[in-house]
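Protein chains in written order, with full-length UniProt numbering: chain C, 1 to 342; chain A, 1 to 489. We put the CB at the ideal spot given by N, CA and C, even for glycine.
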Amino acid sequence: MTYPAGTPTRPLRLIWLQSGGCGGCTLSLLGQQEPDLVTALRAAHVEVLWHPSLSEATGAEARAILDAAADGTQPVDILCLEGSVIHGPNGTGGFHLMAGTGRPMRDMIGAIAAHATHIIAVGSCAAFGGITAGGGNAVEAGGLAYNGTRAGGLLGAGFRARGGLPVINIAGCPIHPGWFVDTILQLAGGTLSAADLDEWERPLAYTSQLVHHGCARNEYYEFKASAEELGDLGCMMENLGCKGTQARADCNTRAWNGSGSCLTGGYPCINCTAPGFEEPGHSFSATPKISGIPIGLPTDMPKAWFVALASLSKAATPRRLKENAARPTPAILPRDRRKEGA
Amino acid sequence: MSEKPSRLILGPFNRVEGDLEVRLDIAGDHVEGARVTSPLYRGFEAMLVGRPAADALTYAPRICGICSVSQSVAAARALAGVRPAGLERRLPPANGQHAINLVHAVENIADHITHFYLFFMPDFARATYAGEPWHEAAAGRFTALKGSAATQILPARAGLMNMMGVLAGKWPHTLSIQPGGSTRAITRAEQARLRLMLAGFRSFCENTLFAAPLEAVAAISSREALYDWAQGRGGDFAHFLKIAQRLDLARSGVTRLRHIAFGAYAGGDGPLFPRGMFDAGIGAAGPLPIGAITEDVSHAWYAGEGGAPRHAAPTPDMSNPDAYSWCKAPRLGGNVAEVGALSRQLVAGHPLLRDYVARDGASVEARVVARVIEVALVVMAMEHWIAAIDPAAPFQDTRPRLDTGDAMGLTEAARGSLGHWLRLDGGRISHYQIIAPTTWNFSPRDAQGVPGPLEQALVGAPIRAGETEPVSVQHIVRSFDPCMVCTVH
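Right, dumping it as structure tokens:
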């Protein structure tokens, strides 16, 4: 095939590894649409040297590819890791021995990373530890460049890949296929720089927004018309643990599976793109409060202002929003007053 | 004196979900014994203990990215099952059941076609088959990432998955599935749009996969009739059957075990596919004694006793010298059991699959045929569930539930029976055990030394001259559609 302007003249060789995760980021990625994943990889001129779910090579054939990448004889332009790095039990890495080798998977990840031009942590597990690090983290799961919010991870604080960039953290549980495809297209075009990453080295392409932006429930938020139970139409910040006003992602402007998002599905944002989301310190679908005021207010808004504005807007809530907020389907619809009887 | 068998270690074993290693003892030109290793442990069962009850609905789907909805359904059912002894389980309203069935069906059907096109069929493109008359066509169609099928299957799969956007918000890892139903009410316009999305997928099935109407495929009632139907037909299913006949896959990877199913897709008159047991050794069906399910950890890296999942909670421990996997060994009354689409259809009494197993036992071909036939059966059922939604009626029962008690949540994932067993104490989880489909199929040996279904199926697998990654073993392993991350969770 011929390649559009801006694509590299030789293929970018990609290796994808999986460790302590659920495979959900790969499965989400297979949902890439318009065009499909295979066409998107071709458009970025990416050649998949090995991917555990998609490649022909298996067993000894696969080990030969990975060993060559680990000793530097097989150049790797993009190394992707899905799932967290597993260090347990007691720092041995024994909870994930690489199949066919009897050695900790951690060692293979580190060896290939030492030679790769670019490294992508695919999903919150690979970036920060994620769900695999939940519940006391008995398996000693961490990320490539972070353990939770602490810099370090497998590769160490201040790590830079051969191409000069830090580990690119496409955090999310799972990733949206578009987040990944955007990133490899920019890498292929040579246009992704450190300035395109946020303070957790997540691509700004999807973290320059809050999940709150474009939320179909924003009108309820404005008037503090709140949902009481999962499935209600109102804003889920006050009672149901929604972190959309703090979470960084474009979930409500870049649809999931054609038209969806957690919020349109009737359940709260759990801030899955952030380090430590797996341990919120409270039930995911409940909002902890002190004297009736939610403790997790929008990060860039002084609390006193929020409380004052909330009480004002609650006093001014239109009846339509107040009545509809605590129901799964609207009882009152907007009406044009010029129509008689409206 | 016989020659000592040589060893072969296969891994990483790819195009399965998650991490897998298979160790083979080889005698001459065939496999004499097999040991199956799940080398990754994450510890979800322990992670959940101490958390608020509702957190199970956030954590459980993240056990697995390929069958996250199945995990949600099992967790939601387990939570819904906590109730005083003697009190009936409170079922979600009809709309909630239809919505959950649809979300679950989308995932299961997507699993089946992902497995068929992306995981299973690419093995026929392998160089070891280069001399076969059918190889060139198979390679052109199914080579991994490069065959012509890939750019057809992916848009069809994504189009089907768009139903998730409407019904469940996002996939994987939706939180829309709750003990009382679905959080997402569907409007009349959305009901129509769902019908359209499913019509798009039916069209893919009828044009590309089957080259025939779904109703015609679902009605095929014997292996002979299936072969006649496939004769001279286009479509990828007939393509598979042609290769399978050449390779005699109906006599490859054979087991004659008990098959179990927990029941799939709830309905007012019982599930679409029923709960039960089918003994492939004697060809008889019967009820499934759930209470006879136990887990054995004699050959797995755990300390403590196995036993009934309601009580036992073994902890990880790599010091057991007999152990070779993180997978426990589930047993039904002490017996090995196989699960999956084939098991579901055997229990349900589908004549085509019963005929397959009566002739030659459960085989590579029978397992693949069952999955593909199930695509037709479930898509037709989905059309009825969409039509049955009443947008004016509730989708969820949100009345409060008990916060102390024991319960189990049973369902069927694409690759077989899935069960969650939990106990709540004062609103917190105090016990959580999961038995996933591949835990049954890829179980290691038990205390009696009896191998699990895959380990049995691999015995006798032929090895072609010069092979280091025997292709027959590839077919047999993948015929189970393993999901390793679920297996040990």
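Roughly how many whole angstroms lie between the Cα atoms of A:T367 and C:L197?
Note that residue 367 of chain A corresponds to Arg in the displayed sequence, not to Thr. Computed Cα separation, rounded: 47 Å.
Is the Cβ of C:M98 closer than 8 Å to any Cβ of chain A?
yes
Is the separation between the beta-carbon of C:I109 and that of C:S193 shorter than 8 Å?
no
Distance cutoff 8 Å, beta carbons only. Does A:S176 sit that close to anything in chain C?
yes
What are the residues in the stretch 171-201 of chain A lying within 7 Å of chain C by C-beta distance?
W171, P172, H173, T174, L175, S176, Q178, T183, R184 and A185
Compare the Cα-Cα distances from C:L29 to each of A:A323, A:P172 and A:M164 and report the closest residue.
A:P172
Could you confirm whether any beta carbon from chain A is found closer than 8 Å to the beta carbon of C:L210?
no
When the distance is taken between beta carbons, is C:A70 closer than 8 Å to C:I119?
no
Taking the alpha-carbon of C:I112 as reference, which of C:T245, C:A274 and C:W50 has the nearest alpha-carbon?
C:W50
Give the secondary structure of A:M1 by DSSP, where H, G and I count as helix, E and B as strand, and everything else as coil.
Annotation note: pLDDT 42 at A:M1 (below 50); position unreliable, coordinate value reported separately. Coil.
Status (buried if at least 16 other CB within 10 Å, exposed otherwise) for C:T253
exposed
Opposing strand residues paired with A:I26 [DSSP bridges]
A:S6 and A:V31
Three or more C-beta pairs below 8 Å linking the stretch 176-192 of chain C and the stretch 131-151 of chain C
no
Cα-Cα, which of C:L14, C:G83, C:K224 and C:E56 is closest to C:I293?
C:K224
CB of C:E47 within 8 Å of CB of C:L14, strictly:
yes
Quick one: using the 10 Å Cβ neighbour count with 16 as the cut-off for buried, is C:M301 buried or exposed?
exposed
How far does the alpha helix (DSSP H) with C:D182 in it reach, from first residue to last?
P177 to G189
Can at least three beta-carbon pairs, one atom from the stretch 117-134 of chain A and one from the stretch 410-421 of chain A, be found at a separation below 8 Å?
no
Candidates C:S261, C:L155, C:N147 and C:M98: which alpha carbon is nearest C:S124's?
C:N147
Spell out whether any CB of chain C is found under 8 Å from the CB atom of A:C205.
no
Rounding to the nearest angstrom, what Cα-Cα distance links C:L12 and A:M164 in this structure?
33 Å
For A:I476, the three-state DSSP class (helix, strand or coil)
helix
A:S6, buried or exposed, once every other Cβ within 10 Å from all chains shown has been counted against 16
exposed
Taking its Cβ as the centre, do 16 or more other Cβ atoms sit within 10 Å of C:R319, making it buried, or is it exposed?
exposed
State buried or exposed for A:E136, treating a residue as buried only when at least 16 other CB atoms are found within 10 Å of its CB.
exposed
Any idea what DSSP makes of C:C125, helix, strand or coil?
helix
Is there a Cβ from chain A that is less than 8 Å from the Cβ of C:T132?
yes
When the Cα atoms are used, what is the spatial distance from A:R233 to A:W134?
15 Å
Would you please state the rounded distance, in angstroms, between the beta carbons of A:L40 and C:H176? I believe it to be under 8 Å.
With 8 Å as the limit, A:L40 and C:H176 do not qualify as a contact, their Cβ atoms being about 25 Å apart.
Determine which residues share a DSSP beta bridge with A:F278 and list them.
A:H259 and A:A285
CA-CA distance, C:R63 and A:V364?
26 Å
How many Å lie between A:I476 and A:G276 at the Cα?
25 Å
Across which residues does DSSP place A:T315 in a beta bridge pair?
A:A303
Nearest to A:H98 by CA position, among A:H384, A:G426, A:T411 and A:E455, is which residue?
A:H384
Please say whether C:L27 and A:R361 have beta carbons closer to each other than 8 Å?
It is Gly, not Arg, that sits at residue 361 of chain A in the sequence shown. No, they are not a contact pair.
Taking A:Y432 as the reference, give the member of A:S38, A:P391, A:G28 and A:I63 with the closest Cα.
A:I63
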